[in-house]
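S.K.: Attaching a single structure in structure tokens format; questions to follow.
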Amino acid sequence: MTITQLYYVLAVAEHKNFTLAAEKCFVTQPTLSMQIQKLEDELDILIFDRSKKPIQLTEIGQKIVSQAKNIVNESDRIKDIVDQQKGFIGGEFKVGIIPTVMPTLLPMFLTNFVNRYPKVNLIIEEHNTEEIIKRLKNGHLDVAIAATPLEEENLKEIVLYYEPFVAYIPENNKNFDKTEIDISDLDIDTILLLQDGHCFRDGILNLCKNKGNFSENRFHIESGSFETLIKLADEGLGTTLLPYLHTLDLKEKDKLKLRHFKEPRPAREVSLIFPKSELKSHIIEALRSTIAGVIKGAIAFHNVEIISPLKNKKGV
């Protein structure tokens with residue numbers, strides 16, 4: 050039995066197809082099939098039921114895959130130990146970021162990180178929270194940046210910052226003349242939201258649920274971007290809520306329409322998320338310290354109320 054054979058087994062278990070698994074492992078399909086067959090012969094069992102389409106794990110195969118994940122992770126940890134002992138910070142490092150964080154946070158830290166750690170082959174991917182959790186668990190991401198808490202048993206979270214919700218209120222709105230607002234000041238019938246699948250949207254829904262007088266059916270206009278929501282608000286179609294960092298790049302005339310909430314300000318918690326196996330922990334720490342160095346000057350809010358990004362869950 051070899052580590053390589055276990056890698057191949059995990060690839061087939063994930064993709065449920067020998068040809069696709071071989072492509073992902075950068076080997077020929079006959080080579081991959083032969084190695085898995087050798088492992089099955091050695092163990093005198095069948096890991097995969099090849100008669101089914103797509104290919105399925107056998108009952109014993111499911112147990113083998115579960116153990117193989119542990120063995121492969123531990124073998125990767127050996128490489129980590131060696132790299133850390135040598136003080137080497139480099140190699141491929143895949144980072145997932147949710148869409149409502151990517152455009153504001155990434156430009157703040159990317160250049161600093163690349164300059165400080167030129168040997169790291171940084172691969173940035175944009176995914177929603179559900180896809181990020183999936184990719185972290187199957188090993189396709191090393192770390193992610195998303196709104197938390199997520200309450201995932203096998204994932205660890207390190208808080209990076211707390212980002213307040215900020216209301217965008219056009220001039221024709223009754224709340225425009227207020228210096229600070231409460232969630233109860235907003236007309237719940239006309240709040241404009243991001244499309245379903247964005248955790249920032251779920252955070253707003255949870256915020257409104259916390260304050261009562263809520264019906265999810267009232268939110269009738271949704272969009273894929275904050276820019277569109279701002280334009281819709283300017284057209285008199287309602288108000289919207291924005292993450293604080295997004296407001297920093299608004300035009301000065303649009304900043305006049307921003308209103309902070311009264312303390313404790315509703316906010317989202319943004320964290321680094323990674324498997325509890327903590328592979329590549331030295332690079333994760335390098336990323337954390339780089340982000341911490343640039344974010345502390347941008348966000349200085351302390352008295353906040355964290356709103357959960359989980360669907361149908363109240364804030365904590």
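Counted the way the numbering used here counts, the sequence shown spans residues 50 to 365.
Positions of the beta carbon are idealized from the N, C-alpha and C atoms, including for glycine.
(1) Give me whichever residues DSSP pairs with GLN291 in a beta bridge.
(2) Between the C-alpha atoms of VAL353 and ALA316, what's the straight-line distance to the nearest angstrom?
(3) Judging by CA-CA distance, which residue of GLY136, ASN119, ILE355 and ASP125 is the nearest neighbour of ASN255?
(4) Any contact of the stretch 129 to 141 with the stretch 177 to 190, i.e. 3+ C-beta pairs under 8 Å?
(5) Can you name the start and end residues of the beta strand (DSSP E) that GLY145 belongs to?
(6) Give me the residue from SER233, ARG165, LYS306 and GLY252 with the minimum Cα distance to ASN221.
(7) Which partner residues of ARG165 appear in the DSSP bridge assignment?
(8) Is the beta carbon of LEU125 less than 8 Å from the beta carbon of PHE323?
(9) Which first and last residues belong to the alpha helix (DSSP H) in which LEU241 is found?
(10) Helix, strand or coil: which one does DSSP assign to LYS102?
(11) Taking the CB atoms as reference points, tell me whether PHE275 and LEU297 lie closer together than 8 Å.
(12) Could you please give me the residues that DSSP links to VAL150 through a beta bridge?
(13) Rounded to whole angstroms, what is the Cα-Cα separation between LEU159 and GLY139?
(14) Quick one, are the C-beta atoms of GLY287 and ILE240 less than 8 Å apart?
(15) By how many angstroms is the C-alpha of VAL58 removed from the C-alpha of GLU91?
(16) Is SER274 helix, strand or coil when you go by DSSP?
(17) Using the beta-carbon count (16 or more within 10 Å), is PRO213 buried or exposed?
(18) Report the partner residues of THR197 according to the DSSP bridge assignment.
(19) Sort GLY145, LEU278 and GLU200 by Cα distance to LEU243 and report the nearest one.
(20) If we call anything under 8 Å between Cβ atoms a contact, is ILE207 one with LEU154?
(21) Looking at the structure shown, is LEU286 part of a helix, part of a strand, or coil, going by DSSP?
(22) Tell me which residue opens and which closes the beta strand (DSSP E) that HIS309 is part of.
(23) Output the boundary residues of the alpha helix (DSSP H) element that contains ILE232.
(24) Could you give the distance in angstroms between the alpha-carbon of HIS189 and the alpha-carbon of ILE230?
(25) Report yes if the C-beta distance between ILE120 and ILE96 is below 8 Å; otherwise report no.
(26) Decide if the stretch 327 to 337 is in contact with the stretch 196 to 204; the criterion is three or more beta carbon pairs, one per stretch, under 8 Å apart.
(27) Looking at C-alpha atoms only, which residue of ILE237, VAL76, ILE172 and GLU174 is the closest neighbour of ALA216?
(28) Give me the residue from CYS248, ILE52 and ILE218 with the minimum Cα distance to VAL319.
(29) Could you round the C-beta distance between LYS143 and GLU174 to whole angstroms and report it? I think they count as a contact, below 8 Å.
(30) Count the other CB atoms within 10 Å of the CB of PHE75; is the residue buried (16 or more) or exposed (fewer)?
(31) Would you grab the beta carbon distance between GLU72 and ASN187 for me? Rounded to a whole angstrom, and I think it's under 8 Å.
(32) Tell me the DSSP bridge mates of PHE323?
M.R.: Put simply:
(1) Sequence check: residue 291 is Leu here, not Gln. For LEU291, which the question treats as bridged, DSSP gives the partners VAL215.
(2) C-alpha separation (whole angstroms): 6 Å.
(3) When only C-alpha atoms are compared, the closest one is ILE355.
(4) Judged by Cβ distances under 8 Å, the stretch 129 to 141 makes no contact with the stretch 177 to 190, as fewer than three pairs qualify.
(5) Looking at the DSSP string, the run of the beta strand (DSSP E) that includes GLY145 is 140 to 146.
(6) Ranking the options by Cα distance to ASN221, first place goes to LYS306.
(7) Within the DSSP bridge table, the entry for ARG165 names no partner.
(8) The identity of residue 125 in the sequence shown is Asp, whereas the question assumes Leu. No, these two residues do not count as a Cβ contact at 8 Å.
(9) From DSSP, LEU241 is part of no alpha helix (DSSP H) but of the beta strand (DSSP E) over 240 to 243.
(10) LYS102: coil per DSSP, three-state reduction.
(11) Not in contact: PHE275 and LEU297 (Cβ atoms no closer than 8 Å).
(12) Beta bridge pairing from DSSP links VAL150 with no other residue.
(13) If you take the alpha carbons of LEU159 and GLY139, they lie about 15 Å apart.
(14) Yes, they are a contact pair.
(15) So the two alpha carbons sit approximately 14 Å from each other.
(16) Residue state, collapsed to three classes: coil.
(17) It counts as buried.
(18) Beta bridge pairing from DSSP links THR197 with GLU318.
(19) When each option's Cα is compared against that of LEU243, the closest is LEU278.
(20) Taking 8 Å as the cut-off, the Cβ atoms of ILE207 and LEU154 do not count as close.
(21) Assignment of LEU286 by DSSP, reduced to helix, strand and coil, places it in the coil class.
(22) For HIS309, the uninterrupted beta strand (DSSP E) run begins and ends at 307 to 310, by DSSP.
(23) Boundaries for ILE232: no alpha helix (DSSP H) harbours it, and the DSSP string shows neither H nor E there.
(24) Counting only the Cα atoms, ILE230 lies some 42 Å from HIS189.
(25) For the 8 Å CB-CB criterion, ILE120 and ILE96 do not form a contact.
(26) Contact between the stretch 327 to 337 and the stretch 196 to 204 is absent, because fewer than three Cβ pairs lie under 8 Å.
(27) The residue among ILE237, VAL76, ILE172 and GLU174 with its C-alpha nearest the C-alpha of ALA216 is ILE237.
(28) Nearest of CYS248, ILE52 and ILE218 to VAL319, Cα basis: CYS248.
(29) Rounded, the Cβ-Cβ distance is 7 Å, consistent with contact.
(30) Exposed is the call here.
(31) Wrong, their Cβ atoms sit about 16 Å apart, outside the cutoff.
(32) Looking at the DSSP output, PHE323 shares a beta bridge with LYS205.
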